[in-house]
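The structure under discussion appears below in the form of structure tokens.
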Amino acid sequence: VHPDLGISSKAMSIMNSFVNDMFEQLASEASHLAQYSHRATITSREVQAAVRLLVPGELAKHAVSEGTKAVTKYTSSK
626 VHPDLGISSK
636 AMSIMNSFVN
646 DMFEQLASEA
656 SHLAQYSHRA
666 TITSREVQAA
676 VRLLVPGELA
686 KHAVSEGTKA
696 VTKYTSSK
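Sequential numbering of the sequence shown, starting at 626, is according to our numbering.
Okay, here's the thing in structure tokens:
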């Protein structure tokens with residue numbers, strides 16, 4: 626993002642609603658996938674599968690890639 630650019634409060638509210646909705650949908654789908662596998666824990670596998678089911682095409686590939694990168698960075702910082 627360019628430092629000279631901003632975002633209106635209405636646009637920020639819309640983005641916030643979108644992100645919250647996506648999080649709820651992904652969490653719900655990951656939970657269902659864990660239940661189907663008779664597991665009590667949601668792992669990165671269920672989250673990745675939920676992303677692939679809910680996010681279209683190339684966007685899902687980028688989301689999985691960025692998520693994997695974030696988990697790797699978090700794990701290596703411990």
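We treat Cβ as the ideally placed atom computed from N, Cα and C, and that holds for glycine.
Beta-carbon separation (whole angstroms), residue i vs residue j, contact threshold 8 angstroms
i	j	result
A688	V680	5 angstroms
L678	E654	6 angstroms
Residue i, buried or exposed, once every other Cβ within 10 Å from all chains shown has been counted against 16
i	result
E671	buried
Top-ranked residue by Cα proximity to residue i, from the options
i	options	result
V676	L658, A665, R664, L651	L651
S634	S642, E691, L684	S642
M647	A685, T700, Y699	A685
Beta carbon of residue i nearer than 8 angstroms to that of residue j
i	j	result
V696	S669	yes
8 angstroms Cβ shell around residue i - same chain, five flanking residues per side excluded
i	result
M640	I632
Close Cβ partners of residue i (< 7 angstroms) along its chain, the five nearest in sequence each way excluded
i	result
I667	A655, S656, A659
Near the ligand NAP: residue i beta-carbon under 7 angstroms from a heavy atom
i	result
S690	With respect to the ligand NAP, the structure shown offers nothing to examine, as it has no ligands at all.
Chain C contact for residue i (CB, 8 angstroms cutoff)
i	result
L678	Protein chain content of the structure displayed is limited to a single chain, and chain C is not contained in it.
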